[in-house]
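Enquirer:
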Amino acid sequence: MYAISSVVFFTAVLFVVSILYTEQSVMKYKEDLEKESLRTSSFVLNSFLYSFEKRVSDILLKEDLSISRLDELNQKFLQFCSFVVWMDLDGNVVKDLGKLPADDLYNDLLVQTVLYEDYGTFLTDLYPLGEGLQIRTAMILQSSEGEDLVFVSGTMLQKEFFSEVEQLTQRKVFFVSKAGEIFGEGFAVDKDVLKKASESHSPEIHLTADGKLLTVIPIFDFQEWNLKGFIINCLQIEPFKRSIFRLQLIGFFLFLVSSISLVVGILVVARKGARGLRFLPLFSLPLFLTVLYIFIFQIPGTMQREYANYVESTAKVLSDWGNIYLETGRFEDVKKVMNVQVMLSQNGRIVSSTFRGGLSQTLENWKSKYEIGNVEVGQVHVNKVRYTYWKMTSGERTFIVLKEETPLVNSVAKVRLLGMIVVAVFVMFLWVLSFAIKNAERPRFLRATLIGYIFLAPALIHLIWWAVGPVAFSMILAFQRWNVVDPAKPFVGLDNFRELFRDKLFWNAMKNTALFSLQVPISMFFSLLVAIAVNRPTRSMALLRTVYYLPVVTAGVSTTIVWRWIFNRDFGLLNYILGIFGVPKIPWLTSPNTALIAIMLLSIWQSLGSQMVIFLAGLQSIPQAFYEAASIDGANRFQRFSKITLPLLKPTTMFVFITSVIGSFQVFTPVYVLTQGGPLRSTDVVFYHIWEAAWIELRMGYAAAQSWMLFLVLLILTYFQFKLFGKESWQQYF
Amino acid sequence: MTKRTFSQISLKVVSIFLLTVLAISTLLPYIVMVSSSLMAQFEIYSFPPKLFPTTPRFQNYVEMWKSQPWGRYIFNTVFVSICVLAGQLLLVSMGGYALSRLNFPGRDTIFRIFIGFMMLPGVVTLIPGFIILRSLGWIDTYMALIIPSLGNIWGMFLTRQYMLTLPQSLEDAARIDGASEFTIFWRIILPLCKPVLATVATFTFLGTWKSFLWPLIVTRSKEMRMIEVGIAMFATQYTIDYPIQLAAATLSSIPLIVVYFVAQKWLLQGIKLSSGYER
Chain R
173 MYAISSVVFF TAVLFVVSIL YTEQSVMKYK EDLEKESLRT SSFVLNSFLY SFEKRVSDIL
233 LKEDLSISRL DELNQKFLQF CSFVVWMDLD GNVVKDLGKL PADDLYNDLL VQTVLYEDYG
293 TFLTDLYPLG EGLQIRTAMI LQSSEGEDLV FVSGTMLQKE FFSEVEQLTQ RKVFFVSKAG
353 EIFGEGFAVD KDVLKKASES HSPEIHLTAD GKLLTVIPIF DFQEWNLKGF IINCLQIEPF
413 KRSIFRLQLI GFFLFLVSSI SLVVGILVVA RKGARGLRFL PLFSLPLFLT VLYIFIFQIP
473 GTMQREYANY VESTAKVLSD WGNIYLETGR FEDVKKVMNV QVMLSQNGRI VSSTFRGGLS
533 QTLENWKSKY EIGNVEVGQV HVNKVRYTYW KMTSGERTFI VLKEETPLVN SVAKVRLLGM
593 IVVAVFVMFL WVLSFAIKNA ERPRFLRATL IGYIFLAPAL IHLIWWAVGP VAFSMILAFQ
653 RWNVVDPAKP FVGLDNFREL FRDKLFWNAM KNTALFSLQV PISMFFSLLV AIAVNRPTRS
713 MALLRTVYYL PVVTAGVSTT IVWRWIFNRD FGLLNYILGI FGVPKIPWLT SPNTALIAIM
773 LLSIWQSLGS QMVIFLAGLQ SIPQAFYEAA SIDGANRFQR FSKITLPLLK PTTMFVFITS
833 VIGSFQVFTP VYVLTQGGPL RSTDVVFYHI WEAAWIELRM GYAAAQSWML FLVLLILTYF
893 QFKLFGKESW QQYF
Chain Z
38 MTKRTFSQIS LKVVSIFLLT VLAISTLLPY IVMVSSSLMA QFEIYSFPPK LFPTTPRFQN
98 YVEMWKSQPW GRYIFNTVFV SICVLAGQLL LVSMGGYALS RLNFPGRDTI FRIFIGFMML
158 PGVVTLIPGF IILRSLGWID TYMALIIPSL GNIWGMFLTR QYMLTLPQSL EDAARIDGAS
218 EFTIFWRIIL PLCKPVLATV ATFTFLGTWK SFLWPLIVTR SKEMRMIEVG IAMFATQYTI
278 DYPIQLAAAT LSSIPLIVVY FVAQKWLLQG IKLSSGYER
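Order-wise, the sequence lines are chains R and Z.
Per my numbering, the very first residue in the first sequence carries number 173; after that it's consecutive.
Per my numbering, the very first residue in the second sequence carries number 38; after that it's consecutive.
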């Protein structure tokens, strides 16, 4: 009975927690996507501005601009403008036509700025008016009579634009003035959201209490100076929420069915006793399949559908407005507005692109999906990162707009990871449950187990959190390109390892590390001698032992700094002492020949004590009777040492050797403080190299591959060391 | 007793002489550190090098103290050390108790897994550990300095070995009196484990105080720096001003040396326990 209720309870809790978490992450993804969709509508706005400019300039640049013909020209403008004004440089109106705006045109920033521009330069800006948004464009011109003229024209943006955006993105679009006055259907907008958007100069997402997802785009003048107002995209979020809810309903139903299956399974087990436990996995299978189905397919499917909608509406926008805007060649603008990359190819050759560092040469795996109008949509990999592409061809020129799919990939991966964790927790739970059922008649045994694991839990959780998990993660990491600043973490297969084998600097670091490890036998030789010498129970020897051991536990950055001074070529103590014996001055840390030796000296100073103490312990464990027996047989001092001490010290020597080599392969602090890998990379040891790859170059994936290589080398080395010392040496430890 | 030969005596003299030279050269960096930290600039740049300053210049310490927020670094180091110490002792003693004195299925397998991870070089978990901290938003917080350092498999191993040597009769008597498992752990086993816990605590304290790589990686701001990182950064900033650098080095080393001499007994015991020889 306990088993059944615990299953029901556990399943319910797991269900609620995981669904809540997923809903939250799906909503988060939806919001991010909303920001992208909104960029599309700003693209429409920009395209509108540009097409207006183009129509105006088509007339101005092609027609004869004599003052007598202005009336004729104005008629042409009036086909698409609501007003046209010609002024002289002082602001006196020469000619005008149409419905003039009420505000002072001449003293406005637009005209005042254009006065400082060259002839024929356009400035375009947006103006909020009573009934909506007005585009105004201004230019300074010279008439064919030679007189300077300021030309200003404008048109209302309202109907066309808003209906265009509404149709493309299936969102309601409003314009909100600077003061918060709304043009269009009446609904309230939170003033704080407006303020936030205007302060950050970038779109803000806001979810209203009645389930509307608002995206607020601040509009500034062409100099990004004065706030003009806001465009608001409004999406009724209800249908989306309802679809999540439906998902939850299906999920809940499946959970219910499979939990019932599990409960039935437990009942079967209860009937058949411990023998029936075999069937438990069978009955729990539907549950696992359900969880996997929901997390691996259904929720990612929802996200992918949302993304597909975005791709489709963007394709529509591009097919209507793409060419007119892209042909300007203002790719950086397009990149900024839509958060995409743009490429132009001519006769199949890439002519220009917004990718940096030759990335546009790495396009591969084109996968075409469908076409909307003249736009081809599909997927492509750029430098192993997946992109969606929109391809438009006009004549010989092909425009390719590329959008990174990383947010989608990462969100999907997150949900799938969650699903796997849920299943893992479930398997654990069932495992514990079946263990409990199996031993139901032995309550004391169960209690002891429980207490044991309670005591072990803190250490075990810490181990899983900071050792088992990281190791597993590190294995994945080694096959990824993982840069801290770049959200894209693509799998690159064996690329990291392939690069590793070709990377001369890494193998140089390996070589340096191997050379550095030569200090281990040297230091062991001395430490063994010292250990034998101080192995006497007198007070003075105890004092010496204390002194020798001091650097082991107190040496760190501080003492390394002292050593930097001791190694100084001109004023250092070491060169002075050597000078007494007639040795010429050695540039310890600044010459590539001696820098590694200097660090080895420092290391020997630091590790001598610890090796000595372990040797001492080994020496003291050799029974004194052996030596006495040998003396009676007439063995001399040397014979006693080589025939008794050395063989019996073999296990200790192995222990010291293996741990010291492992330690010396991971030397870092002295290199960091003294030489930073220099001079000429002569002290660039592996650990330092890995640190540089990870925290200077920020290539975490490559650094992880390097650390696995280091681990592998250490493993092989340790294996051979075990072989070298023979079986009887290490049996003492295992 | 045989009469001592000439060669035996001379060997002894030579060995004592060499041991003394070694002891002096072992101590030399510490002597240089303290004495040079009291020298003036011109004094340290003199050849032959001076071992002691003509007049000790304590002004160096004042200048050093003013140049960096050393108080903050020391506070961070002490705070982190204490937290790590407390957490580790709890984890180590509870884990050691479970692995040595309790009987439950899976115990030995888990013990073997722990030992296996003790062999793992730290470099493998360094990068993923950093990324985990980053995704938790813990970079540049005390959490990043404390939480990952709480596990000490070596210490747990030591504690387990020590607890195995305690007689079973102690517990049995308490059990007959109706003491709970937790009471036995807290009231009987832990007090007996003071020596081994002191060993673990000493090593942990010294290790945390001079920890360098991890604090270097997981902290960014000055406010979160631990002392050794502070000194390393300081040394790269004031490259020429050796006396002041050495004053900072002395500041950081004094607590280490004091703890070393006070807790020496526990350190040596730890070595003996972990190298496979129990007295």
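Cβ atoms here follow ideal geometry from the backbone N, Cα and C, with glycine treated the same way.
With a threshold of 16 other CB atoms inside 10 Å of the CB of Leu-126 (chain R), please say whether the residue is buried or exposed.
Expert: No answer is possible for residue 126 (chain R): the residues shown for chain R start at 173 and end at 906.
Enquirer: Can you give me the start and stop residues for the alpha helix (DSSP H) that Glu-371 (chain R) sits inside?
Expert: 363 to 372
Enquirer: How close, in whole Å, do the beta carbons of Pro-280 (chain Z) and Asn-113 (chain Z) come, if the pair is a contact with beta carbons under 8 Å?
Expert: Under the criterion of beta carbons closer than 8 Å, Pro-280 (chain Z) and Asn-113 (chain Z) do not qualify as touching, at roughly 25 Å.
Enquirer: Are the stretch 585 to 600 of chain R and the stretch 94 to 109 of chain Z in contact at 8 Å, needing three or more beta carbon pairs?
Expert: no
Enquirer: From which residue to which residue does the alpha helix (DSSP H) around Met-881 (chain R) run?
Expert: 872 to 897
Enquirer: For the stretch 645 to 673 of chain R, which residues have a beta carbon sitting closer than 7 Å to at least one beta carbon of chain Z?
Expert: Answer set for the stretch 645 to 673 of chain R: Phe-645, Ser-646 and Leu-649.
Enquirer: For the stretch 98 to 173 of chain Z, list the alpha helix (DSSP H) runs that are entirely contained and at least 4 residues long, ordered along the chain.
Expert: Counting only runs of 4 or more, we get 107 to 138, 144 to 156 and 160 to 173.
Enquirer: DSSP puts Thr-309 (chain R) in a beta bridge; with which residues?
Expert: Answer by DSSP bridge pairing, in chain order: R:Thr-296 and R:Ser-325.
Enquirer: Residues of chain Z with CB under 8 Å from Thr-908 (chain R), in chain order?
Expert: The question about residue 908 (chain R) has no answer here: the residues shown for chain R are numbered 173 through 906.
Enquirer: Using beta carbons (cut-off 8 Å, strictly below), is Gly-728 (chain R) in contact with chain Z?
Expert: Yes, its Cβ sits closer than 8 Å to a Cβ of chain Z.
Enquirer: Report yes or no: is there a C-beta of chain R within less than 8 Å of the C-beta of Ala-269 (chain Z)?
Expert: yes
Enquirer: Buried or exposed: Ile-496 (chain R), going by 16 or more other Cβ atoms within 10 Å of its Cβ?
Expert: Ile-496 (chain R) counts as exposed, since fewer than 16 other beta carbons sit within 10 angstroms of its beta carbon.
Enquirer: So, is the C-beta of Lys-302 (chain Z) closer than 8 Å to a C-beta in chain R?
Expert: So no, Lys-302 (chain Z) is outside the interface.
Enquirer: Show which residues of chain R have a CB atom less than 7 Å away from the CB atom of Tyr-297 (chain Z).
Expert: Leu-722, Val-725 and Thr-726
Enquirer: What is the DSSP secondary structure of Lys-539 (chain R), reduced to helix, strand or coil?
Expert: strand
Enquirer: Would a check of beta-carbon distances place Thr-220 (chain Z) closer than 8 Å to chain R?
Expert: no
Enquirer: Would you list, in sequence order, the uninterrupted alpha helix (DSSP H) runs of no fewer than 4 residues that lie entirely inside the stretch 565 to 597 of chain R?
Expert: none
Enquirer: Which residue's Cα is closest to the Cα of Phe-813 (chain R): R:Leu-715, R:Ala-703, R:Lys-895 and R:Leu-846?
Expert: R:Ala-703
Enquirer: When DSSP builds the beta bridges, which residues end up paired with Met-559 (chain R)?
Expert: The amino acid at residue 559 (chain R) is misidentified as Met; the sequence shows Tyr. BP columns for Tyr-559 (chain R) point to R:Val-552 and R:Glu-576.
Enquirer: What are the boundary residues of the alpha helix (DSSP H) that includes Met-263 (chain Z)?
Expert: The continuous stretches of alpha helix (DSSP H) do not include Met-263 (chain Z), and DSSP gives it neither H nor E.
Enquirer: List the endpoints of the continuous beta strand (DSSP E) containing Ile-377 (chain R).
Expert: 376 to 379
Enquirer: Between Pro-228 (chain Z) and chain R, is any beta-carbon pair separated by less than 8 Å?
Expert: no
Enquirer: List the whole-angstrom C-beta distance separating Gly-591 (chain R) from Ile-468 (chain R), where the pair is believed to meet the contact cut-off of C-beta under 8 Å.
Expert: 6 Å
Enquirer: For a cutoff of 8 Å on Cβ pairs, would you count Asp-742 (chain R) as touching chain Z?
Expert: Asp-742 (chain R) belongs to the set of residues whose beta carbon lies under 8 Å from a beta carbon in chain Z.
Enquirer: On the DSSP bridge list, what partners appear for Pro-390 (chain R)?
Expert: R:Phe-402
Enquirer: Within the 8 Å Cβ cut-off, does Asn-140 (chain Z) reach chain R?
Expert: yes
Enquirer: Taking the alpha helix (DSSP H) that Ile-868 (chain R) falls in, what are its first and last residues?
Expert: Run containing Ile-868 (chain R): none; DSSP gives neither H nor E here.
Enquirer: Report the residue from Z:Thr-236, Z:Thr-202, Z:Ile-176 and Z:Leu-59 whose alpha carbon sits nearest the alpha carbon of Thr-256 (chain Z).
Expert: Z:Ile-176
Enquirer: Would you say Lys-259 (chain Z) lies against chain R (beta-carbon separation less than 8 Å)?
Expert: no
Enquirer: Quick one, which of R:Asp-805, R:Glu-499, R:Tyr-561 and R:Leu-535 has its alpha-carbon nearest Glu-484 (chain R)'s?
Expert: Glu-484 (chain R) has its Cα closest to that of R:Tyr-561, out of R:Asp-805, R:Glu-499, R:Tyr-561 and R:Leu-535.
Enquirer: Short check: CB of Ala-650 (chain R) to CB of Ala-877 (chain R), under 8 Å?
Expert: yes
Enquirer: Report the CB separation of Val-547 (chain R) from Ser-491 (chain R) in whole angstroms; it is logged as a contact under 8 Å.
Expert: 4 Å
Enquirer: From the DSSP output, in three-state form, read off Met-696 (chain R) for me.
Expert: helix
Enquirer: Applying the criterion that 16 or more other CB atoms from any shown protein chain within 10 Å of the CB defines a buried residue, is Thr-239 (chain Z) buried or exposed?
Expert: Around the beta carbon of Thr-239 (chain Z), a 10 Å sphere encloses 16 or more other beta carbons of the protein chains shown; the residue is thus reported as buried.
Enquirer: What is the DSSP secondary structure of Val-348 (chain R), counted as helix, strand or coil?
Expert: Strand at Val-348 (chain R).
Enquirer: DSSP state of Met-38 (chain Z), grouped into three classes?
Expert: Interpretation of Met-38 (chain Z) is limited by its pLDDT of 43, a score under 50 that renders its predicted location unreliable; the figure taken from the coordinates is listed afterwards. Here Met-38 (chain Z) sits in coil by DSSP.
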